Every structure is written in structure tokens, then in C-alpha cells.
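S.K.: Numbered by my numbering, the letters in the sequence shown go through residues 101 to 712 in order.
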Amino acid sequence: MCGIIAYIGNKEAYPILIKGLQRLEYRGYDSAGIALMNGSLNIYKKRGKVQELVDFAKHQNISGSSGIGHTRWATHGKPDDINAHPHCSSDGRLTLVHNGIIENYSPIKHALEKKGHTFKSQTDTEVLVHLIEEVQKQDNLPIEEAVRVALSKVVGAYAIVVIDKNDPDKLVAARKGSPLVVGIGDDEFFLASDGTPIVEYTKKVVYLEDEHIATMHRNGKYEIRTIDNEVHTPFVDELNMEIERMEKGGYDYFMLKEIYEQPTTIQDAMRGRINAEEGWVRLGGMDDHVDIVKDAQRFIILGCGTSWHAGLIAEYLFEDLARIPVEVEYASEFRYRNPVITDKDVVIAISQSGETADTYAALELAKKNGALLYGIVNVVGSSIARLTDAGSYIHCGPEIGVASTKAFTAQVTLLTLMALQIGHERGTISDEYFKKLLIELENIPEKVKKVLDSNDKIKYIAAEIKDSPNAMYLGRGYNFPIALEGALKLKEISYIHAEGYPAAEMKHGPIALIDENMPVIVIATNKSLNDKIVSNIQEVKARKGVVLAIVTEGDNEISRIADYTIEIPDTEEPFTPLLSVIPLQLLSYYIAVMRGCNVDQPRNLAKSVTVE
Ligand code: M6R
Numbered sequence: 101m102c103g104i105i106a107y108i109g110n111k112e113a114y115p116i117l118i119k120g121l122q123r124l125e126y127r128g129y130d131s132a133g134i135a136l137m138n139g140s141l142n143i144y145k146k147r148g149k150v151q152e153l154v155d156f157a158k159h160q161n162i163s164g165s166s167g168i169g170h171t172r173w174a175t176h177g178k179p180d181d182i183n184a185h186p187h188c189s190s191d192g193r194l195t196l197v198h199n200g201i202i203e204n205y206s207p208i209k210h211a212l213e214k215k216g217h218t219f220k221s222q223t224d225t226e227v228l229v230h231l232i233e234e235v236q237k238q239d240n241l242p243i244e245e246a247v248r249v250a251l252s253k254v255v256g257a258y259a260i261v262v263i264d265k266n267d268p269d270k271l272v273a274a275r276k277g278s279p280l281v282v283g284i285g286d287d288e289f290f291l292a293s294d295g296t297p298i299v300e301y302t303k304k305v306v307y308l309e310d311e312h313i314a315t316m317h318r319n320g321k322y323e324i325r326t327i328d329n330e331v332h333t334p335f336v337d338e339l340n341m342e343i344e345r346m347e348k349g350g351y352d353y354f355m356l357k358e359i360y361e362q363p364t365t366i367q368d369a370m371r372g373r374i375n376a377e378e379g380w381v382r383l384g385g386m387d388d389h390v391d392i393v394k395d396a397q398r399f400i401i402l403g404c405g406t407s408w409h410a411g412l413i414a415e416y417l418f419e420d421l422a423r424i425p426v427e428v429e430y431a432s433e434f435r436y437r438n439p440v441i442t443d444k445d446v447v448i449a450i451s452q453s454g455e456t457a458d459t460y461a462a463l464e465l466a467k468k469n470g471a472l473l474y475g476i477v478n479v480v481g482s483s484i485a486r487l488t489d490a491g492s493y494i495h496c497g498p499e500i501g502v503a504s505t506k507a508f509t510a511q512v513t514l515l516t517l518m519a520l521q522i523g524h525e526r527g528t529i530s531d532e533y534f535k536k537l538l539i540e541l542e543n544i545p546e547k548v549k550k551v552l553d554s555n556d557k558i559k560y561i562a563a564e565i566k567d568s569p570n571a572m573y574l575g576r577g578y579n580f581p582i583a584l585e586g587a588l589k590l591k592e593i594s595y596i597h598a599e600g601y602p603a604a605e606m607k608h609g610p611i612a613l614i615d616e617n618m619p620v621i622v623i624a625t626n627k628s629l630n631d632k633i634v635s636n637i638q639e640v641k642a643r644k645g646v647v648l649a650i651v652t653e654g655d656n657e658i659s660r661i662a663d664y665t666i667e668i669p670d671t672e673e674p675f676t677p678l679l680s681v682i683p684l685q686l687l688s689y690y691i692a693v694m695r696g697c698n699v700d701q702p703r704n705l706a707k708s709v710t711v712e
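1. To the nearest angstrom, how far is it from the Cα of Asn543 to the Cα of Tyr430?
2. Report yes if the C-beta of Leu705 is less than 7 Å from at least one heavy atom of ligand 2; otherwise report no.
3. Quick check on His217: does DSSP put it in helix, strand or coil?
4. What's the call for Arg371, buried or exposed, on a 16-neighbour Cβ count within 10 Å?
5. Figure out for me which residue from Ile448, Val502, Asn469 has the closest Cα to the Cα of Ala485.
6. To the nearest angstrom, how far is it from the Cα of Arg382 to the Cα of Thr302?
7. Assuming Pro53 contacts Lys149 under a Cβ cut-off of 8 Å, what Cβ separation, rounded to an integer in Å, is found between them?
8. Please specify which runs of the beta strand (DSSP E), each continuous and at least 3 residues long, are wholly inside the stretch 281-320, giving them in chain order.
9. Determine contact between the stretch 417-434 and the stretch 522-542, defined as no fewer than three beta-carbon pairs at a distance below 8 Å.
10. Quick check on the burial criterion: 16 or more other C-beta atoms within 10 angstroms. Buried or exposed for Thr218?
11. If we ignore side chains and look at the alpha-carbon of each, how far apart do Lys644 and Gly654 end up?
12. Ignoring anything shorter than 4 residues, give me the alpha helix (DSSP H) runs that lie fully in the stretch 335-397, in order along the chain.
13. Taking the alpha-carbon of Ala376 as reference, which of Leu308, Tyr533, Ala461 has the nearest alpha-carbon?
14. Only counting the same chain, and skipping five residues up and downstream in sequence, which positions put a Cβ closer than 7 Å to that of Cys697?
15. Return the bridge partner residues of Arg325 from the DSSP annotation.
16. Taking 7 Å as the cut-off, does the CB of Ser190 come closer than this to any heavy atom belonging to ligand 1?
17. Candidates Ser166, Lys276, Ser530: which alpha carbon is nearest Arg423's?
18. So is the beta-carbon of Leu588 under 7 Å away from any non-hydrogen atom of ligand 1?
19. Looking at Glu592 and ligand 1, is the gap between the Cβ and the nearest heavy atom below 7 Å?
20. Just jot down, in chain order, the residues whose CB lies closer than 5 Å to any heavy atom of ligand 1.
21. Alpha carbon to alpha carbon, what distance is there between Lys146 and Asp180?
22. Decide yes or no for the touch test of the stretch 158-177 against the stretch 130-143: beta carbon pairs closer than 8 Å, at least 3 of them.
23. Please classify Tyr436: is it buried, with 16 or more other beta-carbons within 10 angstroms of its beta-carbon, or exposed?
24. Looking only at DSSP bridge pairs, what is Tyr430 linked to?
25. Look at the alpha carbon of Ala457 and the alpha carbon of Ser451, and state the distance between them as a whole number of angstroms.
26. Please report how far the alpha carbon of Phe396 lies from the alpha carbon of Glu427, in whole angstroms.
27. Which residue spans inside the stretch 567-649 form an unbroken beta strand (DSSP E) run of at least 3?
28. Give the secondary structure of Glu667 by DSSP, where H, G and I count as helix, E and B as strand, and everything else as coil.
29. Can you name the start and end residues of the beta strand (DSSP E) that Gly164 belongs to?
30. Report yes if the C-beta distance between Lys265 and His317 is below 8 Å; otherwise report no.
31. On the criterion of 16 or more Cβ atoms from any shown chain inside 10 Å, does Asn617 qualify as buried, or is it exposed?
32. If you draw a straight line from the C-alpha of Thr528 to the C-alpha of Thr676, how long is it?
33. Which two residues bound the contiguous beta strand (DSSP E) that contains Ala462?
34. Just confirm the distance between the C-beta atoms of His198 and Tyr126, as a whole number of angstroms; I'd bet it's less than 8 Å.
35. Quick check on the DSSP output: what are the complete alpha helix (DSSP H) runs of length 4 or more inside the stretch 206-250, in order along the chain?
36. Assuming Asn204 contacts Val261 (C-beta within less than 8 Å), just tell me the rounded distance between them.
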């Protein structure tokens with residue numbers, strides 16, 4: 101949440117900052133702002149998208165070879181020009197951008213007000229820059245030292261970059277709980293919330309660690325110190341990203357591009373990890389821990405939103421194939437309970453961004469209690485990837501649309517591989533069934549392509565139901581989490597109220613909502629529970645509900661009773677979620693587009709939720 105970009109070197113900073121903000125816009129789009137150092141400090145900030153800032157800056161002085169930029173997801177204070185970052189100290193000497201939340205900003209603000217500070221905005225960020233100013237003035241400290249001392253008084257999460265007008269050949273950055281990457285060029289530095297704005301300039305990066313403060317000098321030198329003032333020798337990593345994967349590539353929206361990438365991304369998640377012909381599955385991340393994992397007394401799976409839905413599917417997979425008890429928890433609830441965790445538990449964290457604050461905090465709690473932490477993460481080098489003891493990247497490339505699509509199917513693919521490997525090693529699936537599943541899993545990318553061929557039909561159905569104010573999604577077994585995911589996709593991008601339910605639960609309450617205006621989307625591809633699903637559909641039809649059924653190819657019985665059907669190819673039951681979710685992603689996409697919504701940047705949301 102919130103995106104930060106900064107530059108210091110010999111190039112013009114403005115184009116780097118703007119392009120960087122556009123790349124980071126998925127992290128928040130309530131306002132955008134920049135500060136450019138050019139003898140004097142010029143600050144421009146505008147409510148709304150980065151484009152508003154660009155239009156405004158056209159008529160301003162945009163020269164300068166260092167600067168900072170920010171795209172905001174509002175926490176403290178409404179989205180407007182005043183609350184937009186950067187924020188300044190009272191005398192205008194310091195300027196700062198911030199991602200995170202300063203939890204004790206209120207007492208600090210009162211103390212500063214008593215010393216004569218006045219505040220223009222409602223943000224916690226402005227309090228932080230005034231605090232640094234106060235500390236700096238008291239002891240006439242260099243900026244990096246003032247930042248360090250001030251941060252030791254702060255409770256909360258932050259990634260910050262600060263400019264001191266009186267020390268213009270330096271940028272000072274720090275992080276705790278919110279990500280910040282330092283890109284190292286030739287006598288120049290880039291700072292950003294993730295690698296996407298940096299990769300076209302340099303691949304050499306340092307992932308700043310919690311409570312570390314970095315000082316970048318225009319002459320190409322840099323230094324990192326801990327908050328306790330110890331010098332830290334950084335590890336220089338290599339960014340592994342392709343620029344094309346961050347472009348829309350001819351699609352109207354990133355979300356559509358990402359939906360269509362799924363045959364490839366599912367393949368990428370499996371690459372080098374499965375060989376059906378030779379009959380093996382192997383996740384490199386488990387190599388050093390395989391005994392602990394396969395002998396775990398319990399798996400605890402943590403995630404939020406769509407990643408939590410992937411976890412629910414994993415519960416079916418692990419219990420079915422590996423016979424290990426599983427609990428799937430919302431990270432945000434888990435972290436504030438007093439959960440029973442032991443060193444015999446394996447905790448699996450699922451996160452696309454690897455930065456979700458609740459998931460991170462829940463993992464810290466599990467770590468303290470001695471559980472092995474295993475990460476299923478997309479963003480390489482992210483905080484969760486670094487906190488976990490072991491893990492597997494899902495390798496689906498940057499996911500930019502706020503609604504998660506390709507990350508979800510890649511997560512489910514990875515969890516499927518994990519369940520197969522563990523099940524095989526534990527001997528809970530027969531060799532014959534194991535081989536059969538491997539062969540079928542390798543066919544899934546081709547089958548996803550076939551589902552994508554239903555695009556026109558899905559578009560037609562979307563037009564038919566786009567004006568409904570509500571929708572209900574029903575599924576059983578492996579497809580119950582898909583009902584939840586379908587409902588989440590629809591509500592987050594089209595603003596239609598949607599609920600997902602286990603199909604059999606409908607009669608315990610939600611059935612009261614059904615009438616001729618209620619579209620009911622039934623995911624009816626489970627062979628084992630088909631008769632039961634048919635009965636549920638009959639119950640909906642008897643109350644005049646409009647049924648869209650996702651069915652297995654050739655299922656004429658359901659096709660006869662449903663108002664609309666979309667077919668998916670036949671597959672083994674544990675793999676149906678990988679196919680049945682695709683039409684639901686497309687359905688939400690088309691409904692949202694037809695309702696005039698900004699699919700990639702839905703209101704109030706951000707891609708990477710780094711605050712509680
Ligand atoms: O980056 P994470 O996977 O940890 O993010 C979790 C959720 O914030 C995320 O899945 C969210 O629910 C998506 N907008 C859903 O499309």
C-alpha cells in the first residue's frame with residue numbers, strides 16, 4: 101500500500117519518478133506527488149491518479165537530478181492534495197515520502213504542537229517529518245542521524261525516503277515492516293517499494309532490512325546502518341524481472357492479460373518440478389525440510405483474500421492426498437488470537453506480494469512458537485519470502501491487476517505439487533493414482549486454453565446479468581473455495597454485492613434471497629457430488645432463480661435445467677479448481693468493464709496490503 105520511488109544521480113529525475121509511479125500505481129491511487137531537488141526544492145502533488153500529477157506538472161519546473169515520489173492509498177486523512185505526499189518539515193528544509201502507519205503519531209503530534217509545530221495535513225507522515233526536524237535541530241545532526249534517532253521513537257510500520265535541502269547530495273531511506281529496495285547504478289541510486297520501477301536501469305539491488313537506514317550519496321557511495329547505529333554490510337542481489345511482463349501487451353487491462361497468461365503461468369509454476377513420464381514431483385524448497393514437512397502433525401495455512409482461498413483448496417488437497425490435518429486461517433484473525441502452535445506444526449504462508457502485513461505478523465508469531473515456516477510467494481525477495489524458513493516461488497511474473505488471477509492458479513498449482521509430493525512420500529496415494537494425477541496435471545495448461553476459448557459465450561452471459569445488484573455463488577468440495585473466489589472477484593471489481601456459499605448451506609438461510617432477480621452461479625464440476633449439486637440447482641430453479649452453471653463437458657443433465665452453462669474440460673477432481681475458476685474470472689472482468697469500472701484499479705483497494 102502506497103508506492104515509493106526515489107532517485108539520486110546525474111540524470112533528470114522527473115521521468116524516472118513518473119514512470120516509477122506509474123509502475124507502482126497498483127499499490128494505491130488516491131493521490132500522487134513528487135519533490136525535485138534543483139537548487140531549490142519543488143514539490144507537486146495532486147489528488148487522484150498519476151496522470152493528474154503529470155497534467156499538472158506539464159506547466160511547472162520539473163528539472164532536478166534527485167527527487168522522491170509517492171502514490172498514496174489513504175489511511176490517515178482523506179484523499180486530497182493536502183494529504184498527498186511528499187510532506188515537509190515546518191521550515192521546508194526536509195521533505196519525506198512514507199508507506200506504512202505511524203501508530204503513536206497522536207502523542208508525538210501533541211508533544212510537537214506544544215513545541216510550536218503546526219500541521220497542514222491530517223497524516224501521520226507529516227508528524228514523522230516534523231519529528232525528524234525537531235531531532236535534527238536539537239543537536240544539529242546530519243540528516244541520516246536525525247532520521248535514525250527519530251525512528252527510534254516511533255511505533256508502527258514505515259518505508260521512508262527523506263531529502264534534506266541543506267544536504268542536497270544525499271537521500272536517506274529507512275524501513276520497518278514496509279518494503280523498500282535500493283537499486284545500485286553507476287554513480288546513481290534508485291529506491292522503490294518493489295523492483296518494477298528499477299529493473300530497466302539496473303539489476304543490482306539491496307533489499308533493505310527492518311530498522312535499517314540507508315544513506316545514498318550522489319558520488320555513488322552508500323552506507324547502511326541499523327537503528328542501533330551499527331554499520332551493516334549489505335548483500336547485493338540480482339533483480340530477475342522482464343520489462344515486457346510489466347506492460348499491457350495490447351490488452352485493455354492488465355487483468356485480462358493476466359487471465360490469458362494462465363496456461364503459461366501454470367506451466368511455469370510446474371517447470372522443473374514435475375515429470376509424469378519419470379513419475380516424480382519435487383519442490384526444491386522442501387529439500388532440506390522434507391522429513392519435518394511430511395511428518396508434521398498439522399499444517400496451518402495462513403493467507404488473506406484470494407490467497408486464503410488458495411489455502412482452502414490446499415486443505416482439500418493435503419487431506420485428500422497426504423492425509424495430514426490442515427487448518428486454514430485468516431492471518432488477520434490468527435495473529436490476534438492465542439493460537440496453539442507447536443514445533444510439530446508446519447505453517448504455510450500464501451501471499452502473492454509477499455508483503456501482506458497481517459500474513460507477515462502471523463508468521464512472526466508462528467516462528468516464535470517454533471513452527472517451521474514455508475512460504476508460497478510470488479515476489480522474489482519480498483518480506484515473507486525472507487522471513488520463512490523455506491518455500492517455493494510460484495513464478496507467475498508481476499501481477500499488476502489488483503484482482504488476483506494468475507497468482508491464484510499458480511498458488512493452487514504449487515500447493516497441488518506439494519500435496520502430491522508429500523502424499524507420495526508418505527505412501528498415502530497409490531503409485532498408480534499418483535502417476536495418473538501427474539499425467540493429468542501436465543495436461544492442465546492445455547485445458548485452461550480450452551476454457552479461455554469460451555470467452556465470447558462468457559461475454560454474452562456477462563451482458564445478461566451485469567445489471568443485477570446481487571449474485572450468489574455456490575460450490576461443493578473442491579469447488580466451494582471457487583465459489584468464494586468467484587464472489588470476491590465480482591464484488592471487488594464490479595461493486596456488485598456477491599456471496600459465496602457451500603451449495604448445501606443455501607437452504608440454511610441464503611435461499612431466502614432467491615427470486616427471479618438473483619443470478620446464482622453454481623460450480624457443478626465435481627463428479628463425486630454431482631447428484632447433490634443437481635438437487636441444489638433444482639431448489640434454486642423452483643424459486644425462479646437464474647442459474648449459470650459451470651459444468652463438465654457433456655454434462656447434459658445440468659445443461660437442461662440451468663439457464664446458462666459454461667463447459668470446462670473433464671479432469672481429475674482435485675484439479676477442477678484450476679479450470680473452474682477461469683470462467684468466473686472472465687465473467688467478473690466483463691461485467692466490470694460493461695459497468696464502466698476501472699478493472700485494474702478498483703475503488704478503495706490496493707494490490708499490496710502493507711497496513712493492518
Ligand atoms: O499479496 P497477497 O496474496 O498476500 O494479498 C492478499 C489479498 O490482499 C489479495 O489476494 C486480495 O484479496 C486480492 N485483491 C484479491 O483479488
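From the three backbone atoms N, C-alpha and C, an ideal C-beta is built for every residue, glycine too. Bear in mind the structure is a predicted one, so any value in this text is a computation, not a measurement.
M.R.: In short, the structure shows the following:
1. 32 Å
2. As for ligand 2, it is missing from this structure, which binds only ligand 1.
3. coil
4. exposed
5. Ile448
6. 33 Å
7. One cannot answer for residue 53 here, as it falls past the ends of the chain, which runs 101 to 712.
8. 281-284, 289-292, 304-307, 312-317
9. yes
10. exposed
11. 25 Å
12. 354-360, 362-370, 390-394
13. Tyr533
14. Ile593, Ser594, Tyr595
15. Ile313, Val331
16. no
17. Ser530
18. yes
19. yes
20. Cys404, Gly405, Thr406, Ser407, Ser451, Gln452, Ser453, Thr456, Ala503, Ser504, Val709
21. 7 Å
22. yes
23. exposed
24. Gly403
25. 10 Å
26. The amino acid at residue 396 is misidentified as Phe; the sequence shows Ala. Cα to Cα, Ala396 sits roughly 13 Å from Glu427.
27. 570-575, 597-602, 619-624
28. strand
29. No beta strand (DSSP E) contains Gly164, which DSSP labels as neither H nor E.
30. no
31. exposed
32. 21 Å
33. It is not in any beta strand (DSSP E) - Ala462 instead sits in the alpha helix (DSSP H) that spans 457-468.
34. Actually they are not in contact, since the Cβ atoms of His198 and Tyr126 sit about 18 Å apart, beyond 8 Å.
35. 224-239
36. Actually they do not touch by this definition, with Cβ atoms about 21 Å apart.
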